[in-house]
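Residues 2 to 250, numbered by the working numbering, are exactly what the sequence shown covers, in order. Comments concern the structure below.
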Amino acid sequence: MSSSFDGAKMLVFAHRGASGGAPENTMAAFKQAIEKGSDGVELDIHLTADGKVVVIHDATVDRTSDGRGEVAYRNYSELAKLDMAARWKGSKWGAQRIPLLEEVIECVIPAGLLMNVEIKGGKASPMLAEQAVSIIKGYDAMDRVVFSSFDPLQLNKVRTLVPSSRRALLSYFPPPVSAGKADDLWGCHPYHMLVSKGTVQKWHLEGMHVQLWTVNTKKDMQRAIRIGADGIITNHPALALAVREGKIC
2 MSSSFDGAKM
12 LVFAHRGASG
22 GAPENTMAAF
32 KQAIEKGSDG
42 VELDIHLTAD
52 GKVVVIHDAT
62 VDRTSDGRGE
72 VAYRNYSELA
82 KLDMAARWKG
92 SKWGAQRIPL
102 LEEVIECVIP
112 AGLLMNVEIK
122 GGKASPMLAE
132 QAVSIIKGYD
142 AMDRVVFSSF
152 DPLQLNKVRT
162 LVPSSRRALL
172 SYFPPPVSAG
182 KADDLWGCHP
192 YHMLVSKGTV
202 QKWHLEGMHV
212 QLWTVNTKKD
222 MQRAIRIGAD
232 GIITNHPALA
242 LAVREGKIC
């Protein structure tokens, strides 16, 4: 059964895949997100030197692989040789290479999951948003995706390319509702500890969605439900689903 952005229950997005139990942003993490019953996956994208859209959080591979260097200055063939599980505790996952955006789409969309695609700003290529949109449109998956970014310019690029796309501004403090309306945003993704029930209600009154990051404890998941969040991004989707369904009090 496919998940929907407009469901009655709080959506549970697996942060960088089910990254509490598998190396972040790897196929192992995305497959585990499916196995845990997640409504969707959150992932981060960067552009390689040869124009491939790869799934990785940082601008460099230093923290999460056995290599070093900036993603933007490496060809995909070089990056694909790295082990993205090398720094993970234990060796149960074996070698994991950096995924292409296409690989993640082919894994999670047929399984009925939604996707939260975070477009990186900063040094990210100005072509990143365009490339990502082109790939997702090629799979006819735009209705299964929300684009998020801390960089409003990236979201505006997506808006120009696909005016009907879902776009959400990532932030620490919730942005003013007026900013969301001005940029025709679908919603906002603020840091969970800085959001009140009143703030959520203000966004809802304007027809916009609120998803919180990164919600990893039972207490914080219960609070997200109480304040009316439309979704959460979590490293532990199985726990979040159990809390949502009232199986853990």
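In this text, a Cβ means the ideal position worked out from N, Cα and C, and glycines have one as well.
Whose CA, out of the options, lies closest to the CA of residue i?
{"i": "T235", "options": "G247, V196, K248 and Y192", "result": "Y192"}
{"i": "E104", "options": "L44, L83, A9 and A230", "result": "L44"}
{"i": "I136", "options": "V178, H58, V54 and I110", "result": "V54"}
{"i": "A133", "options": "V163, V109 and P153", "result": "V163"}
{"i": "I106", "options": "D231, V13, M194 and T27", "result": "T27"}
{"i": "S165", "options": "D184, G123, V211 and V56", "result": "D184"}
{"i": "G122", "options": "R167, V109, K158 and K90", "result": "K158"}
{"i": "F14", "options": "R224, G247 and W214", "result": "W214"}
{"i": "G18", "options": "F151, V42 and L154", "result": "V42"}
{"i": "D152", "options": "T65, V56 and E119", "result": "E119"}
{"i": "P100", "options": "G139, R168, S179 and I46", "result": "I46"}
{"i": "P111", "options": "M128, L102 and A142", "result": "A142"}
{"i": "V178", "options": "R167, H16, V211 and R160", "result": "V211"}
{"i": "K90", "options": "V109, T65 and R168", "result": "T65"}
{"i": "G139", "options": "L102, A81 and R224", "result": "L102"}
{"i": "L186", "options": "R167, S126 and P176", "result": "R167"}
Quick one: what does DSSP say residue i is sitting in, helix, strand or coil?
{"i": "A169", "result": "strand"}
{"i": "G157", "result": "The sequence given here places Asn at residue 157; Gly does not occur at that position. Helix at N157."}
{"i": "G199", "result": "helix"}
{"i": "M116", "result": "strand"}
{"i": "G139", "result": "helix"}
{"i": "L48", "result": "strand"}
{"i": "E71", "result": "strand"}
{"i": "Q212", "result": "strand"}
{"i": "L336", "result": "Given a span of 2 to 250 for the chain in the structure shown, any question on residue 336 remains unanswerable."}
{"i": "E36", "result": "helix"}
{"i": "E103", "result": "helix"}
{"i": "V55", "result": "strand"}
{"i": "D221", "result": "helix"}
{"i": "F6", "result": "coil"}
{"i": "D84", "result": "coil"}
{"i": "I226", "result": "helix"}
{"i": "C108", "result": "helix"}
{"i": "E131", "result": "helix"}
Determine which residues share a DSSP beta bridge with residue i and list them.
{"i": "S150", "result": "L170"}
{"i": "E25", "result": "DSSP, once it has assigned bridges, lists no residue as partnering E25."}
{"i": "H237", "result": "For H237, which the question treats as bridged, DSSP gives no partner whatsoever."}
{"i": "T61", "result": "E71"}
{"i": "V13", "result": "I233"}
{"i": "G41", "result": "F14 and L115"}
{"i": "Y77", "result": "Its beta-bridge partners do not exist; DSSP assigns none."}
{"i": "P177", "result": "None; P177 has no bridge partner."}
{"i": "P191", "result": "S172"}
Output needed for residue i: all residues of its chain with C-beta closer than 8 Å, excluding positions within five of it in sequence on either side, in chain order.
{"i": "D67", "result": "L83, D84, A87 and R88"}
{"i": "I226", "result": "M11, V244 and R245"}
{"i": "K198", "result": "R227, I228 and G229"}
{"i": "G181", "result": "L170, G188, C189, W204, E207 and M209"}
{"i": "F174", "result": "P191, Y192 and L195"}
{"i": "I249", "result": "K219, L240 and A243"}
{"i": "E131", "result": "K158 and L162"}
{"i": "M222", "result": "V216, I233, T235, L240, A241, V244 and R245"}
Looking only at its own chain, which residues have a Cβ that is under 7 Å from the Cβ of residue i, when we skip the five neighbours before and after it?
{"i": "A23", "result": "A29, A30, Q33 and W94"}
Return the chain-ordered list of same chain residues with a C-beta closer than 6 Å to the C-beta of residue i, the five sequence neighbours on each side being excluded.
{"i": "G21", "result": "N236 and H237"}
{"i": "Q155", "result": "I120, G122 and A130"}
{"i": "R69", "result": "D63"}
{"i": "G8", "result": "none"}
Using 8 Å as the cut-off, can you tell me whether the segment 44–60 makes contact with the segment 73–80, which would need three or more C-beta pairs spanning the two stretches below that distance? Segments in contact, yes.
With contact counted as at least three CB pairs below 8 Å, one residue from each stretch, are the segment 4–15 and the segment 113–123 in contact? Using a C-beta cut-off of 8 Å, the segment 4–15 makes contact with the segment 113–123, since at least three inter-stretch Cβ pairs fall below that distance.
Contact between the segment 78–97 and the segment 31–44: three or more CB pairs below 8 Å? No, because fewer than three Cβ pairs between the segment 78–97 and the segment 31–44 fall closer than 8 Å, the two stretches do not touch.
Do the segment 131–148 and the segment 65–73 touch if we need at least three Cβ pairs shorter than 8 Å? These segments do not touch.
Cβ contact check for the segment 197–204 and the segment 14–32: 3 or more pairs under 8 Å: As far as the Cβ criterion goes, the segment 197–204 does not touch the segment 14–32, which means the pair count is below three.
So, does the segment 238–245 touch the segment 208–226, judging by three or more C-beta pairs under 8 Å? Of all C-beta pairs linking the segment 238–245 to the segment 208–226, three or more are shorter than 8 Å, placing the two stretches in contact.
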